[in-house]
Amino acid sequence: MNRPLLLLSLVIFAVSCGSPSVEPVGSRGQDGLAEVAPATSSGSLDSGRRPDLPEGQLASIRQRENERAQRALDEVEARFADRSPGLTFRIHRVRTTSLGDTHVLIQQVYRGVPVERRDILVVVMLDESIRIFGSPDSFEGLTLPPARRLANAEQWAKAKGVALAGSGERTLVPVFERRLRPGARGDNAMDYETVVSRFESGTRIAVDADPAWKGARALF
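FYI, in this note's numbering the residues of the sequence shown are 7 to 226.
Structure, rendered in structure tokens:
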């Protein structure tokens, strides 16, 4: 029986130079999200108090998703005009909830290389107001080494009888570290914070594999 084609994205890293120490996106958000990545904020901001919109009204709003997403991008560009040199933004994902709020994930792109897991969440509310969660990372002093595919990726694929479907775009991925907050004693969990200790550079690789296979990230 033919196995279905599943494109699993494996990020193969080459450690980058520089060690920026910044909080995860969301930990410094203007609306009090503490150490929560915006990508996890999938629900409405006040879903417990607002009813779903009628289908006709919701369809009208969803027809304007592109317009709303562009407004979100423009707002991020304007608010963070003093960002690190070489840092730009692009629309990553757009979704309008049943309440009429459009959630836009804005991806950071450093010197042409997209940054994973550090999206800024922008919510265009039903009343057209905009709320931003998170802020850009600092990339001062970070240099980008050449990304490379590790040789054991091909070895693993051959041993498992799967094929590498080719490499995709280059990417930067944060490496998180749990640290004691400045001035804290370490007596409880609130004395610690999660920060980005560095970024790693690599190439996203697509793999033709069985959907039941789940061991890719542990391999590399």
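Cβ coordinates follow ideal geometry from the N, Cα and C atoms, glycine included. This one's a predicted model, so the numbers in the text were calculated from it and none came from an experiment.
Here V168 carries a coil assignment [DSSP, helix/strand/coil]. Counting along the chain, the unbroken alpha helix (DSSP H) around L64 starts and ends at 61-68. Inter-segment contact for the region 121-138 and the region 97-109 is present: three or more beta-carbon pairs are separated by less than 8 Å. Exclusion of the five residues before and after I97 leaves A75, L79 as the residues of its chain whose Cβ lies within less than 6 Å of its Cβ.
Between P120 and T177, the C-beta gap is smaller than 7 Å, which places the two residues in contact. From the listed residues R124, E71, N72, the smallest Cα separation to T94 is found for R124. Annotation: the continuous beta strand (DSSP E) that includes L127 extends over 126-130. The C-alpha of V82 lies about 31 Å from the C-alpha of A212. Counting other Cβ atoms within 10 Å of its Cβ, D143 reaches 16 or more and is therefore classed as buried. In the DSSP assignment, H98 forms no beta bridge with any residue.
Measuring C-alpha to C-alpha distances from G147 to each of P91, V179, D214, T200 identifies P91 as the nearest. Note: P120 is bridge-paired with V115 in the DSSP secondary-structure output.
Short of 6 Å from the beta carbon of R56, and not among the five residues preceding or following it, lie these beta carbons of its own chain, in chain order: L105. In the displayed model, E83 falls within a helix according to three-state DSSP.
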